[in-house]
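Chains as they are written, first to last, in this note's numbering: chain A, 54 to 859; chain B, 2 to 288.
Just so it is clear, CB atoms sit at the ideal spot from N, CA and C, and this is done for glycine as well.
First up is the structure itself, then whatever we jot down about it.
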Ligand SMILES: Cc1cc2nc3c(=O)[nH]c(=O)nc-3n(C[C@H](O)[C@H](O)[C@H](O)COP(=O)(O)OP(=O)(O)OC[C@H]3O[C@@H](n4cnc5c(N)ncnc54)[C@H](O)[C@@H]3O)c2cc1C
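Have a look at this one:
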């Protein structure tokens, strides 16, 4: 390492630290089929569980007869709510302060709800048992349309709390009302609207979608009766939180619970929550004394585990005639399904929706959110976005386009005019956030120049003329989006989950030979933590990334952390890594000073070791310091070289980006073609550009899916119509457009390495870019807003409504 | 998504296969590539207790020319259709259609017999068979029948195939040299069944349509032959007004279901668009 013949650049390159396009170390096992997922786990005597699920969206359960099922060869047990009541687990608390049935207790509230859990010696027998369980239902009136939830004669869904008019987040107005959450200055906002020169108002819905990771939710629970210990292997994005939840609800001592998240095949928020399958598998293992595996199938995953979005946002903007925005007012009707199992920091029932002022300098704003119950699956997770941020970004980015249209202004120009200016950072938004840093003008200008925006507008104008003359049946849309995210939850002053502050953690241990291990409180589901975390350490303490193992997911060995979601790993855990590394570096400096026989202050850091100032030949490499840490530390110093950091971030981080989408739509079929998609992201310091590009590609593909086709659809009786990938749109490589990525770098001033997080930006910014392109295509025909998803038939319907289908 | 219990049989002669099917009656189903049947079994929408695998029946495989016809064994996979010289030369529309069925994985196992035997309205091949006026050979214990495709499809999953019978050959008259053809399929994504699709085989003479047949996929309970639409274009040069009329005539016989692909109105409309586009493209490749 201290090979003096190497140049400084060569030594730096060897580290593969910050900024290096280091290949993903995870891929060695993934690309060879050697990953180790929950379903790969096979324990001796392991049993298999499967659910009887409700065919009804709302029904009373009159009886459950297990007899025939118990006679199926291989079936050992059938658990129902009555059985779970014996151990006080028929209901479980949700992350949002509500309670949720583990197994249907007297009634069912959504199609696919868990009614009974069949345990058998193999998966086939379990399913045969499921078919043999005889459940008698009495159908009840169904509530699917969220706009009817609060009507006086709406069916009452939650009889368990129908008289409890004080919910977890304040008073409830109706048995189907969960909460009302308000933020901002109502009076000031109303006043701004009453004297507005121009105002727009539009209902902007963001449909119910599903994160649909390729690996479904699953677990293996194994209870050791002798030791009284429960081990759970599961697809958990936040293993420590699961351990604490199990301790609290199963009343087991927390040290006797071992939660292990092995490799995870995608999460996107779907794997944050606690599901009935986990509880049932644990109870079944305790009852039978054998390990029990529960693996969801695709239909179950799409219909019963956590959905995302389902926000109906009525957005209003007030502005001057010149296009200066003066106020924003948004009301949200939030459809939470049958139980409030929304995965947000506990005090935030609508997540960080109050980022809805976006990238613009609104003098005042007011937001109110009404959460309601319907006969749909519970959830409301952050599907590749920070909490409700993608909904907020969609709302403001659509609304700005609608305002531009009303003003007859170019949408890019309107954005430019209203941006928060670089000198305004740290910027205090009207809805209470402190934006850390940003340079929006530079980013948007770069985007517009790269795509030759003016030329696109000229081409569009020409095409519109040609369309009017009947020479083409294609219309062209240019979608512009400028988003600001809020990620890195979060500071303990405003973020907790079940009372646990949302810090994150890192423990680094360096070995005598100059290698080491870092253990983390987060858990990668494909983000490449094993690669990027090691790069941060490499740059901080001069140990090559390849000599650092990164380990996550085992609650016995990893320091307590709040897990991976909401783009929080780099902002929070990434900071913990840097902080832990700096503690190590401080000790290393003392050791080096002792060994080089100088004062600490006489040393300076040089890539991979310490050098005596002014005496370049007196150098001690980090590798040698590691060895010294185990045999000759200064008198009075403890040997060893390790550190732990629990990092409580002082603020969130605010990544941003400028996206442009160019699309052509055939009005005869509604078929669209994405001609070009350009994504400029500013996520502060860039740790591994290749991984960033990969994250952006993946996030854009999901954004494309959401905007252009994804939707969990119900019929009026509550049947889920989109229970497989035939009907739930998951694009293949064939449908996915080509992505162009770009960047600017505006570091976060409060993050130790200036990094902001990027995994979710493309989803947050991508959805409005696509939707704006579609809406822009149709705008010259007089349309202001077309609801997502913009699939073929809806595009055709829009064309028909606008009278151009011929 | 776990099937119920079943027994597996792998006969080596047609006679044995037919006998097994007769012996087990309604409890038995032939198994070809399994790409329609097994998903249904996983959903327990089909619960046969006996699967009679046709893989070992060599007599059901292969593509050959017999006089003015092409004879295709039903156990021929879609992949084999795609790689056959005979098909690309004499029945290029089948090549084109096979390419828009599902994805390569499905095409390696899925067979033409499995695609057409069952009367699944979503499958692409039945409409092609109607357009090409194919004949199916059905073998039972007592008799062998040749059934015209136009009499075969009776409703969704309801065909002229009697319990105990299997399909052993598909005979397709070779369209004239220089014919025009096109299969226009609108689908939501790779691997999806048609939102609407139209197959056209035509011949041109002096710039006008001389003969024409039009088949429609997934626009009714069964594949359809749009006879009125085909009649309408004969003798015309496929001008815009004629195409409009042909689309309208085809739309008149469509009765698709509303589903995730779109409401009825949309599916019929794009059905008409597919007809017009297929006619135009077929004419453009005819010589
Ligand atoms: C993801 C996916 C997408 C698909 N997309 C399309 C598509 O776009 N277009 C399309 O056309 N198809 C599509 N398919 C269906 C695919 O082409 C099937 O392979 C084909 O329809 C059935 O062929 P098989 O050999 O798999 O038949 P199997 O599933 O084995 O059998 C189908 C039925 O035919 C019966 N059968 C089979 N052979 C005979 C015989 N010789 N005599 C009597 N009865 C018989 C069986 O009993 C069964 O009822 C798709 C399939 C999948 C899985």
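Collapsed DSSP secondary structure at residue 584 of chain A in the structure displayed: helix
Could you tell me which whole beta strand (DSSP E) segments of length 3 or greater appear in the segment 401 to 426 of chain A? Within the segment 401 to 426 of chain A, the complete beta strand (DSSP E) runs of at least 3 residues are 418 to 425.
Run of the beta strand (DSSP E) containing residue 62 of chain A, from where it starts to where it stops: First-last for residue 62 of chain A: 61 to 68, but that is the alpha helix (DSSP H), not the beta strand (DSSP E).
Run through chain A and tell me which residues come within less than 9 Å of residue 201 of chain B, C-beta to C-beta. Those do not exist, as residue 201 of chain B stays about 17 Å from chain A at its closest Cβ, beyond 9 Å.
Any 3 or more C-beta pairs closer than 8 Å across the segment 214 to 231 of chain B and the segment 123 to 142 of chain B: yes
Is it true that the CB of residue 329 of chain A sits closer than 7 Å to the CB of residue 155 of chain A? yes
Kindly list, in the order they appear in chain B, the residues whose Cβ is closer than 7 Å to that of residue 721 of chain A. 274
Residue burial classification, residue 267 of chain A (beta-carbon count within 10 angstroms, cutoff 16): exposed
3-residue-minimum beta strand (DSSP E) runs that sit fully inside the segment 205 to 272 of chain A, ordered along the chain: 230 to 237, 251 to 262
Go ahead and label residue 664 of chain A buried or exposed: buried means 16 or more other beta carbons lie within 10 angstroms of its beta carbon, across all protein chains shown. buried
Starting from residue 511 of chain A, trace the alpha helix (DSSP H) both ways and give me its first and last residue. 506 to 521
Counting only Cβ-Cβ distances shorter than 9 Å, please list the residues of the segment 163 to 181 of chain A near chain B, keeping chain order. 176, 177, 179, 180, 181
Hey, is residue 787 of chain A's beta-carbon within less than 7 Å of any beta-carbon in chain B? yes
Considering Cα atoms alone, identify which of A:182, A:84, A:81 is closest to residue 130 of chain A. Answer by Cα proximity: A:182.
From residue 858 of chain A to residue 190 of chain B, what does the alpha carbon distance come to, in whole angstroms? 23 Å
Take residue 669 of chain A as the anchor and find which of A:679, A:657, A:678 has the nearest alpha-carbon. Of all alpha-carbon atoms in A:679, A:657, A:678, the one lying nearest the alpha-carbon of residue 669 of chain A is that of A:657.
Is the Cβ of residue 846 of chain A closer than 7 Å to any Cβ of chain B? yes
Tell me which same chain residues have a C-beta within less than 6 Å of the C-beta of residue 748 of chain A, skipping the five on either side of it? 811, 812
is_contact[residue 852 of chain A, chain B] using C-beta, thresh 7 Å: no
Who are the near neighbours of residue 55 of chain A in its chain, counting only those whose CB is closer than 8 Å to its CB and skipping five residues on each side? Confidence at residue 55 of chain A is low in this model, with a pLDDT of 49, below 50, so the placement of that residue should be treated as unreliable; the coordinate-derived value is given next. Within the same chain, residue 55 of chain A has close Cβ partners 661, 662, 672, 673, 674, 676, 677.
Interface residues of chain A facing residue 263 of chain B [CB-CB closer than 9 Å]: 723, 844, 845, 846, 847, 849, 850
Quick check on this structure: which residue in B:277, B:206, B:21, B:287 has the alpha carbon closest to the alpha carbon of residue 141 of chain B? B:21
Could you give the DSSP three-state label for residue 478 of chain A: helix, strand or coil? coil
Would you say residue 294 of chain B touches ligand 1, meaning its beta carbon is less than 6 Å from a heavy atom? Because residue 294 of chain B is not part of the residues shown, which for chain B are 2 to 288, the question remains open.
Residues near residue 758 of chain A in its chain [Cβ-Cβ closer than 7 Å; skip 5 each side]: 782, 783, 784
Where does residue 196 of chain A land, buried or exposed, given buried means 16+ other C-beta within 10 angstroms? buried
Following a CB-centred definition, is residue 167 of chain B positioned closer than 6 Å to any heavy atom of ligand 1? yes
With DSSP collapsed to three states, give me the class of residue 461 of chain A. coil
Which bits of chain A does residue 2 of chain B rub up against, with CB to CB less than 8 Å? Those within 8 Å of residue 2 of chain B in chain A are 350, 351, 352.
When you compare each of B:276, B:240, B:31, B:235 to residue 252 of chain B by their alpha carbons, which one comes out closest? Answer by Cα proximity: B:276.
Near-chain A residues of the segment 176 to 194 of chain B - C-beta to any C-beta below 9 Å: Within the segment 176 to 194 of chain B, 187, 189, 190, 191, 192, 193, 194 place their CB atoms closer than 9 Å to a CB of chain A, listed in sequence order.
Output needed in chain order: residues of the segment 752 to 772 of chain A with a Cβ under 8 Å from some Cβ in chain B. Within the segment 752 to 772 of chain A, the residues whose Cβ lies closer than 8 Å to some Cβ of chain B are 762, 766, listed in chain order.
Output the distance between the C-alpha atoms of residue 139 of chain A and residue 306 of chain A, rounded to the nearest integer angstrom. 19 Å
Which residues in chain B sit within 8 Å of residue 775 of chain A, going by Cβ to Cβ distance? Residues of chain B whose Cβ lies closer than 8 Å to the Cβ of residue 775 of chain A are, in chain order, 261.
Can you confirm whether the segment 4 to 17 of chain B touches the segment 52 to 72 of chain B when touching is taken to mean that 3 or more C-beta pairs between the two stretches lie within less than 8 Å? yes
Please tell me whether residue 780 of chain A has its Cβ less than 7 Å away from any Cβ of chain B. yes
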